[in-house]
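What follows is a single structure, written as structure tokens, with notes after it.
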Amino acid sequence: MFSFNNITTAIDEFLNSVLPAQGALIVECVLVALCAVLAYVTLAIVMIFMERKVCAAFQCRLGPMRVGYWGLLQVFADVFKMLIKEIISINRSDRVLYNLAPYLVVMSSVLTFSCLPFASGLQVLDFNIGVFFIMAASSFGVLGILLAGWSSNNKYSMIGAVRSGAQMISYELSIGLCILVVVILSGTMQISELVDMQRSGWFIFRGHIPAFIAFIIYLIAGNAETNRAPFDLPEAESELTAGFHTEYSGMHFGFFYVAEFMNLFIVAGIASTLFLGGWAPLYITGLDAFNNIMDYIPGIVWFLGKTFFVIWLLMWVRWTFPRMRIDHVVSLEWKYLIPIGLVNLLIMTLCVVMGWTF
Amino acid sequence: MKQRNTYIGKILFSVSSLATGLKTTLNEFFTRKVTEQYPENRKTQKISERHRARLYMPLDENGNNKCIACGLCANNCPNGTITIKTKMVTDPETGKSKKMLDEYTYDLGCCMFCQLCVNVCPKDAIAFNNDFENAVFDRKKLIIKLNK
Numbered sequence: 012m013f014s015f016n017n018i019t020t021a022i023d024e025f026l027n028s029v030l031p032a033q034g035a036l037i038v039e040c041v042l043v044a045l046c047a048v049l050a051y052v053t054l055a056i057v058m059i060f061m062e063r064k065v066c067a068a069f070q071c072r073l074g075p076m077r078v079g080y081w082g083l084l085q086v087f088a089d090v091f092k093m094l095i096k097e098i099i100s101i102n103r104s105d106r107v108l109y110n111l112a113p114y115l116v117v118m119s120s121v122l123t124f125s126c127l128p129f130a131s132g133l134q135v136l137d138f139n140i141g142v143f144f145i146m147a148a149s150s151f152g153v154l155g156i157l158l159a160g161w162s163s164n165n166k167y168s169m170i171g172a173v174r175s176g177a178q179m180i181s182y183e184l185s186i187g188l189c190i191l192v193v194v195i196l197s198g199t200m201q202i203s204e205l206v207d208m209q210r211s212g213w214f215i216f217r218g219h220i221p222a223f224i225a226f227i228i229y230l231i232a233g234n235a236e237t238n239r240a241p242f243d244l245p246e247a248e249s250e251l252t253a254g255f256h257t258e259y260s261g262m263h264f265g266f267f268y269v270a271e272f273m274n275l276f277i278v279a280g281i282a283s284t285l286f287l288g289g290w291a292p293l294y295i296t297g298l299d300a301f302n303n304i305m306d307y308i309p310g311i312v313w314f315l316g317k318t319f320f321v322i323w324l325l326m327w328v329r330w331t332f333p334r335m336r337i338d339h340v341v342s343l344e345w346k347y348l349i350p351i352g353l354v355n356l357l358i359m360t361l362c363v364v365m366g367w368t369f
Numbered sequence: 002m003k004q005r006n007t008y009i010g011k012i013l014f015s016v017s018s019l020a021t022g023l024k025t026t027l028n029e030f031f032t033r034k035v036t037e038q039y040p041e042n043r044k045t046q047k048i049s050e051r052h053r054a055r056l057y058m059p060l061d062e063n064g065n066n067k068c069i070a071c072g073l074c075a076n077n078c079p080n081g082t083i084t085i086k087t088k089m090v091t092d093p094e095t096g097k098s099k100k101m102l103d104e105y106t107y108d109l110g111c112c113m114f115c116q117l118c119v120n121v122c123p124k125d126a127i128a129f130n131n132d133f134e135n136a137v138f139d140r141k142k143l144i145i146k147l148n149k
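First to last, the sequence lines map onto chains A and B.
Residue numbers for the first sequence follow the numbering used here, so the first one is 12 and each next one is one higher.
Residue numbers for the second sequence follow the numbering used here, so the first one is 2 and each next one is one higher.
Structural data, given as structure tokens:
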């Protein structure tokens, strides 16, 4: 099967032949960072456009249709507007933290983004505790949100940030439990190995009932992690104007916006990696002709297809349900999702021990 | 749902009620969209017949104005939109003089489209039509003489 390893190895060899080892390493780092950030921004643009169109379709509208054919240039117009806006500084705010917060949020989401396996060999960070690293990197985004709320010298921002902290820290537990289910099933934490194992069958099929429950809980908790409706209390535009990013303008606000969309992509990407097989194609045992055809579809198409399908599921939920109350959000997590998650973990462990998985 | 108060019952009830909501929006996702793309769809757009866009005077089958210049519409108008100028005309056959309509002026800019004038007219001499593209650059152009 075609692997991007061939290309990256060729580039590595070429750089090492013209530069000393240290220089080659630095050039490679810059190249990788450039590619990652470019992919990040491109996907963010695609996601914003998709959100507008999908939201419109769920509300029986057409969405943007005027800027470019079928509204395709609308997002570029939005970005351009954001770029030419002034970045204001708030009176009596904590300057350093105020300016630092958006970068923390974006940094955590870029770090997590770089763990996603786009195709065979097309992955920036891949080491033996990959899943654990994803958990760690994604959870310090909440620090940026808390700092943003605290440093802007604004009651609404503060309330939004505290809500966000309570919500994100709670729901991380559920995400952890769901990821543990997959780790128990597969016995590895390395993302490339996880995907390789799923070439013989996706985990959601191999782990049958517990894996499916874990997938559903992961989607709910992931939706809460990205601060999207019905868990959009940190923003809650009708009560808190815009929550933690009320006081931000221009590109600082843009960073929060982009990071929010990319967190959605990351949540969907991890869901498709852990449960739906990442870039591994769909195989049905016994149908060799079908499996051969599936092999011809490149891995990156599989990964993006699955990810955008999961994103569509999350958008479907987002445009269906109204915002929850803060006590309902917390009780949903602590009274329902965590107990179900723990029992589910137990069931999965039993299944693995007794050999009831495929 | 009988078991709504138990833990499991609550979960089942909420899952089923959430599924109902998801089903509704999924149907919406695939229905034809209601958005009208106005300037492009000018030729195909349909406006409800009862839409009140602009007052006009429908003529009878002989092409004559039905207005008898009674002034009820002008009196009933809350905004004073309508002004009626009359003239006395002597009938050549009977020799009696009769009040006739001279000028029926309608200020579109002041109209609030309450339709009181149309409802009160004894001869159905005025009505609202669907001619809604009324934007002009000068307010004077909104004062329209309705009769020929």
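Cβ coordinates follow ideal geometry from the N, Cα and C atoms, glycine included.
Checklist line | Beta carbon proximity, Lys44 (chain B) to chain A, threshold 8 Å | finding: For the purposes of this step, residue 44 (chain B) is identified with residue 43 of the second sequence, where counting begins at 1. No, no contact with chain A.
Check: Lys100 (chain B) touches chain A at which residues, Cβ-Cβ below 7 Å?
Finding: In the second sequence, counting from the first residue as 1, residue 100 (chain B) sits at position 99. Within 7 Å Cβ-Cβ: nothing; Lys100 (chain B) doesn't reach chain A, min ~54 Å.
Checklist line | Phe314 (chain A) and Ala130 (chain A) closer than 8 Å at C-beta | finding: The residue given as residue 314 (chain A) occupies position 303 in the first sequence. The residue given as residue 130 (chain A) occupies position 119 in the first sequence. Their beta carbons are under 8 Å apart, which means Phe314 (chain A) touches Ala130 (chain A) by this criterion.
Notebook entry, point to check: Is the region 138–154 of chain A touching the region 300–308 of chain A, taking contact as three or more C-beta pairs under 8 Å?
Noted result: no
Margin query: Strictly below 8 Å CB to CB, what residues from chain A border Lys34 (chain B)?
Written below: Counting from one through the second sequence, the residue named residue 34 (chain B) turns up at place 33. When 8 Å is used as the limit between beta carbons, Lys34 (chain B) is near these residues of chain A: Ala67, Ala68, Cys71, Arg72, Leu73, in chain order.
Item checked: Met61 (chain A) at chain B interface by Cβ criterion, 8 Å -> Translated into positions along the first sequence, residue 61 (chain A) becomes position 50. Not an interface residue.
Note to self: Against Gly22 (chain B), what residues of chain A qualify as contacts under a CB-to-CB distance less than 8 Å, listed in chain order?
What the structure shows: Residue numbering aside, residue 22 (chain B) sits at position 21 when the second sequence is read from its first letter. Residues of chain A passing the Cβ test: Thr331, Phe332.
Next item on the list: Since I believe Cys68 (chain B) is in contact with Met58 (chain B) (beta carbons under 8 Å), could you give me their beta-carbon distance rounded to a whole number of angstroms?
Entry: Sequence index remark: in the second sequence, residue 58 (chain B) carries index 57 (1-based). Sequence index remark: in the second sequence, residue 68 (chain B) carries index 67 (1-based). The pair is a contact, with the Cβ atoms about 7 Å apart (cut-off 8 Å).
Next item on the list: Please look up how many angstroms separate the CB atoms of Met101 (chain B) and Asn80 (chain B), rounded, as I've assumed it's under 8 Å.
Entry: Locating residue 101 (chain B) in the second sequence gives position 100, counting from the first residue. Locating residue 80 (chain B) in the second sequence gives position 79, counting from the first residue. Not really, about 26 Å apart at Cβ, beyond 8 Å.
Note to self: So, for Ser260 (chain A): in the same chain, excluding its five sequence neighbours on each side, which residues have a beta-carbon less than 7 Å away from its beta-carbon?
What the structure shows: For the purposes of this step, residue 260 (chain A) is taken as residue 249 along the first sequence, with counting starting at 1. Apart from the 5 residues on each side of it in sequence, Ser260 (chain A) sits with its Cβ closer than 7 Å to the Cβ of Lys96, Glu97, Ile98, Ile99 in its chain, given in chain order.
Note to self: So that I know if they touch, is there some Cβ in chain B lying closer than 8 Å to that of Trp327 (chain A)?
What the structure shows: As a working mapping, residue 327 (chain A) is identified with position 316 in the first sequence. Yes, contact with chain B.
Notebook entry, point to check: alpha helix (DSSP H) containing Tyr364 (chain A): first to last residue?
Noted result: Stepping through the first sequence from its first residue, residue 364 (chain A) is reached at position 353. According to the sequence as given, residue 364 (chain A) is Val; it is not Tyr. Per DSSP, Val364 (chain A) belongs to the alpha helix (DSSP H) from 349–365.
Margin query: Threshold first: 4 residues or longer. Then list the alpha helix (DSSP H) segments lying entirely within the region 93–137 of chain A, N to C.
Written below: Qualifying alpha helix (DSSP H) stretches, in chain order: 106–124.
Check: Anyone know if the C-beta pair for Leu285 (chain A) and Leu230 (chain A) falls short of 8 Å?
Finding: Mapped onto the first sequence, residue 285 (chain A) falls at position 274. Mapped onto the first sequence, residue 230 (chain A) falls at position 219. No, Cβ-Cβ distance for Leu285 (chain A) and Leu230 (chain A) is not below 8 Å.
Check: Between the region 169–190 of chain A and chain B, which residues of the former have CB atoms less than 8 Å from a CB of the latter, in chain order?
Finding: none
Item checked: Cβ of Leu26 (chain B) within 8 Å of any chain A Cβ -> Here residue 26 (chain B) refers to the residue found at position 25 of the second sequence. Note on identity: in this sequence residue 26 (chain B) is Thr, with Leu being the wrong assignment. It does; some Cβ of chain A falls within 8 Å.
Check: So, is the C-beta of Glu50 (chain B) closer than 8 Å to a C-beta in chain A?
Finding: Indexing the second sequence from 1 puts residue 50 (chain B) at position 49. Output row for Glu50 (chain B): interface = no.
Checklist line | Proximity below 8 Å, CB of Asp92 (chain B) to CB of Lys86 (chain B) | finding: Translated into positions along the second sequence, residue 92 (chain B) becomes position 91. Translated into positions along the second sequence, residue 86 (chain B) becomes position 85. No. Outside cutoff.
Next item on the list: Compare the C-beta of Met273 (chain A) with all C-beta atoms of chain B and state if any pair is closer than 8 Å.
Entry: Taking the first residue of the first sequence as 1, we reach residue 273 (chain A) at position 262. With 8 Å as the cut-off, Met273 (chain A) does not count as an interface residue toward chain B.
Checklist line | C-beta neighbour in chain A for Ile12 (chain B), strict 8 Å | finding: For the purposes of this step, residue 12 (chain B) is identified with residue 11 of the second sequence, where counting begins at 1. Yes, because at least one Cβ of chain A sits closer than 8 Å to the Cβ of Ile12 (chain B).
Margin query: Using the three-state DSSP reduction, which class does Ala60 (chain A) fall into: helix, strand or coil?
Written below: Mapped onto the first sequence, residue 60 (chain A) falls at position 49. In the sequence on display, residue 60 (chain A) carries Phe and not Ala. Of the three classes helix, strand and coil, the one that applies to Phe60 (chain A) here is helix, per DSSP.
Next item on the list: Report the three-state DSSP secondary structure of Val90 (chain B) (helix, strand or coil).
Entry: For the purposes of this step, residue 90 (chain B) is taken as the residue at position 89 of the second sequence. Of the three classes helix, strand and coil, the one that applies to Val90 (chain B) here is strand, per DSSP.
Next item on the list: Measure the beta-carbon distance from Thr36 (chain B) to Arg72 (chain A) and round it to whole angstroms, keeping in mind my assumption that it falls under 8 Å.
Entry: For the purposes of this step, residue 36 (chain B) is identified with residue 35 of the second sequence, where counting begins at 1. For the purposes of this step, residue 72 (chain A) is identified with residue 61 of the first sequence, where counting begins at 1. Between Arg72 (chain A) and Thr36 (chain B) the Cβ distance is about 5 Å, and since that is below 8 Å, they are a contact.
Margin query: Can you check whether the C-beta of Tyr259 (chain A) is within less than 8 Å of a C-beta belonging to chain B?
Written below: For the purposes of this step, residue 259 (chain A) is taken as the residue at position 248 of the first sequence. By this cut-off, Tyr259 (chain A) is not an interface position.
Next item on the list: For Glu246 (chain A), collect the residues of the same chain with a Cβ closer than 7 Å to its Cβ; drop the 5 residues on either side in sequence, then sort them by chain order.
Entry: Residue numbering aside, residue 246 (chain A) sits at position 235 when the first sequence is read from its first letter. Within the same chain, Glu246 (chain A) has close Cβ partners Gly171, Asn238, Ala253, Gly254.
Note to self: Measuring straight from C-alpha to C-alpha, what distance separates Gly366 (chain A) and Val52 (chain A)?
What the structure shows: Residue numbering aside, residue 366 (chain A) sits at position 355 when the first sequence is read from its first letter. Residue numbering aside, residue 52 (chain A) sits at position 41 when the first sequence is read from its first letter. One C-alpha to the other measures close to 44 Å.
Notebook entry, point to check: Quick one: does Tyr109 (chain A) have its CB under 8 Å from some CB of chain B?
Noted result: The residue labelled residue 109 (chain A) in the question sits at position 98 within the first sequence. Not one chain B Cβ lies under 8 Å of Tyr109 (chain A).
Check: Where do the ends of the alpha helix (DSSP H) carrying Leu387 (chain A) lie?
Finding: Residue 387 (chain A) falls outside the range modelled here, since chain A spans only 12 to 369, and no answer is possible.
Check: Tell me the DSSP bridge mates of Glu104 (chain B)?
Finding: Reading the second sequence from its first residue, position 103 is the one you call residue 104 (chain B). According to DSSP, Glu104 (chain B) bridges with B:Lys86.
Check: Relative to the alpha-carbon of Gln38 (chain B), which residue among A:Ala47, A:Met61, A:Trp81 has its alpha-carbon at the smallest distance?
Finding: Along the second sequence, read from residue 1 onward, the residue named residue 38 (chain B) stands at position 37. Comparing Cα-Cα distances from Gln38 (chain B) to each of A:Ala47, A:Met61, A:Trp81, the minimum goes to A:Trp81.
Checklist line | Members of the region 339–365 of chain A near chain B, C-beta cut-off 7 Å | finding: Tyr347
Item checked: Local Cβ density within 10 Å of Arg5 (chain B), reported as buried at 16 or more and exposed below that -> To locate residue 5 (chain B), count along the second sequence from 1; it is residue 4. By the 10 Å Cβ count, Arg5 (chain B) comes out exposed.
Notebook entry, point to check: What separation, rounded to the nearest whole angstrom, lies between the Cα atoms of Leu287 (chain A) and Arg217 (chain A)?
Noted result: Along the first sequence, one-based indexing puts residue 287 (chain A) at 276. Along the first sequence, one-based indexing puts residue 217 (chain A) at 206. Near 10 Å, if we compare the C-alpha coordinates of Arg217 (chain A) and Leu287 (chain A).
Item checked: Backbone CA spacing between Ile308 (chain A) and Leu293 (chain A) [nearest angstrom] -> Here residue 308 (chain A) is taken as the residue at index 297 of the first sequence, counted from 1. Here residue 293 (chain A) is taken as the residue at index 282 of the first sequence, counted from 1. If I take the Cα positions, the gap works out to 10 Å.
Next item on the list: Under the assumption that Asp243 (chain A) contacts Ser162 (chain A) (Cβ atoms under 8 Å), give the Cβ distance between them as a whole number of angstroms.
Entry: As a position in the first sequence, residue 243 (chain A) is number 232, starting the count at 1. As a position in the first sequence, residue 162 (chain A) is number 151, starting the count at 1. Rounded, the Cβ-Cβ distance is 22 Å, inconsistent with contact.
Margin query: Within 8 Å of any Cβ in chain A, is that where the Cβ of Glu104 (chain B) sits?
Written below: In the second sequence, residue 104 (chain B) corresponds to position 103, counting from 1. Chain A contact via Cβ: absent.
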